[in-house]
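In short: position in the sequence shown from 1, add 291, done, that's the working numbering. Where a beta carbon is used, it is the ideal one built from N, C-alpha and C, also for glycine. None of the values given here were measured: they were computed from a predicted structure. Below is one structure; the comments refer to it alone.
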Amino acid sequence: MNPPKPSAADCKEPGRLVPVIDPRRCEAKGDCLRVCPTGVFTLAVPSDDVKASLGLLGRLKLRVHGGKQALVERPGNCEGCGLCVPACPEKAISLRSVR
C-alpha cells in the first residue's frame with residue numbers, strides 16, 4: 292500500500308528544510324525513496340570521504356548492503372513533508388534547517 296501524497300498543508304517549511312542521512316545507520320533499504328513525493332533521494336555508492344568517516348562496523352554494514360546507501364541527491368526538491376523520517380527503519384534520517 293502506498294502512503295498518501297502530502298498536500299501543501301503537510302509541508303512544514305518548503306525550501307527551508309533538507310533531509311540529512313546518518314551514514315552510520317543507513318542500510319540502503321530504500322524506504323525513503325518510496326515515500327518521498329519529490330524525488331530527493333537516490334541509492335548510490337557513497338563518496339570516499341563518507342566511507343572514510345565510517346568506523347569498522349559502518350564499513351562492514353556498507354559492504355553487507357551492496358556498497359550503497361541512501362543519499363540526498365536533490366535537496367532543493369525537499370518540501371519538508373517529513374514522510375522520510377518515520378519511513379526509515381534505521382532512524383537514519385532527520386530534517387534540518389538550511390538556514
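Item                                                                                          : Value
Where V309 falls: helix, strand or coil (DSSP)                                                : strand
Whole-angstrom distance between S388 and G393, CA atom to CA atom                             : With the chain running from 292 to 390 in the structure shown, residue 393 is simply not present.
For R315, three-class secondary structure by DSSP                                             : coil
Distance, E318 Cα to G349 Cα                                                                  : 10 Å
For L386: DSSP bridge partner residues                                                        : P310
Rounded distance between the beta-carbons of V309 and P366, thought under 8 Å                 : 4 Å
Cβ-based neighbour list, K382, same chain, cut-off 7 Å, excluding 5 preceding and 5 following : R316
Sheet register partners of A335 (DSSP bridge)                                                 : Q360
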